[in-house]
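Counting from 313, one number per residue, gives the positions in the sequence shown under our numbering. Virtual Cβ for every residue (Gly too), placed ideally from N, Cα, C. Written below as structure tokens is the structure these notes are about.
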Amino acid sequence: MLLNSSPPDVDVTELETLFSNAPPKKAAPKAADKKAASSKPEKIQLIDLRRANNTEIMLTKVKMPLPEIVEAALAMDETLLDVDQVENILKFCPTKEEMDQLKNFKGDIEKLGKCEHFFLELMKVPRMETKLNIFLFKIQFNSQLADFKKSLNLVHSACDEVVRKSVKLKEVMKRILYLGNTLNQGTARGNTFIKIEIIYFYL
């Protein structure tokens with residue numbers, strides 16, 4: 313007896329759903345979610361975007377609240393700010409044009425970006441850039457003094473090696489002295505002879 317060649321009457325809808333490779337459809341965002349996203353306050357950017365980004369990167373390295381950065385700089389507290397941090401703050405002090413931009417801003421200050429808030433904190437202190445330079449000098453003073461002493465010792469050693477121990481230099485000075493004394497004979501300076509021993513003494 314031959315089987316009927318027609319396919320059996322089976323509902324395969326559930327099988328297609330279970331074994332389908334098609335990705336599941338994402339739920340459409342709710343109206344409330346769209347409203348919440350659109351209501352997020354946007355930051356107002358006054359400073360050049362690239363400079364603002366670099367300033368914010370620098371501030372992440374300092375890892376201090378903005379008011380505390382200014383307080384530490386004014387107190388010249390080396391335990392809170394090191395050389396690199398002070399140098400970085402100096403690099404990102406606001407220019408006159410940037411300060412004018414911030415002074416002329418009439419909107420809500422709270423809406424400004426982190427870079428603008430940092431500049432505003434620095435602008436609260438008169439001559440802040442000068443004070444930061446003084447702070448930097450204070451931090452670097454001991455190391456710079458040590459470097460200066462090292463350089464001075466090198467110069468002293470070189471002079472001692474070249475001047476005091478050079479036989480050729482002493483011979484040159486001897487000849488110059490002899491010529492000078494010879495030329496002065498018979499003049500008002502004829503009696504002002506200098507002995508070679510005096511030259512050797514200073515060498």
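Requested in this report: Reducing DSSP to helix, strand and coil, say where residue 356 ends up.
Outcome: strand
**Report entry** Paired residues, beta bridge with residue 424 - DSSP
**Finding:** 356
**Report entry** Helix, strand or coil at residue 403 [DSSP, three-state]
**Finding:** helix
Query raised in the report: Considering residue 462, what are the terminal residues of the alpha helix (DSSP H) in which it resides?
Result: 440-471
Report task. Report yes or no: do three or more beta-carbon pairs, one from the stretch 417-437 and one from the stretch 363-378, lie closer than 8 Å? Result -> yes
Report task. Determine the direct distance from the alpha carbon of residue 395 to that of residue 373, and round the result to whole angstroms. Result -> 13 Å
Query raised in the report: What did DSSP end up calling residue 390 once you bin it into helix, strand or coil?
Result: coil
Requested in this report: Measure the alpha-carbon distance for residue 402 versus residue 462 and round it to whole angstroms.
Outcome: 28 Å
Report task. Could you name the residues of the same chain whose beta carbon sits closer than 8 Å to that of residue 474, not counting the 5 residues immediately before and after it, in chain order? Result -> 481
**Report entry** Range covered by the alpha helix (DSSP H) that runs through residue 492
**Finding:** 479-496
Query - Short Cβ contact (9 Å threshold) for residue 380 with residue 392 - result: yes
Report task. Inspect the beta-carbon positions of residue 464 and residue 356 and report whether they are closer than 9 Å. Result -> no
Query - Own chain, CB closer than 8 Å to residue 314, minus 5 neighbours either side, in chain order - result: With a pLDDT of only 48 at residue 314, under 50, the local geometry of the prediction cannot be trusted, and the value read off the model is given with reservation. Hits under 8 Å: none found.
Query - Contacts around residue 404, its chain only, beta-carbon distance under 6 Å, and the 5 residues preceding and following it disregarded - result: 367 and 370
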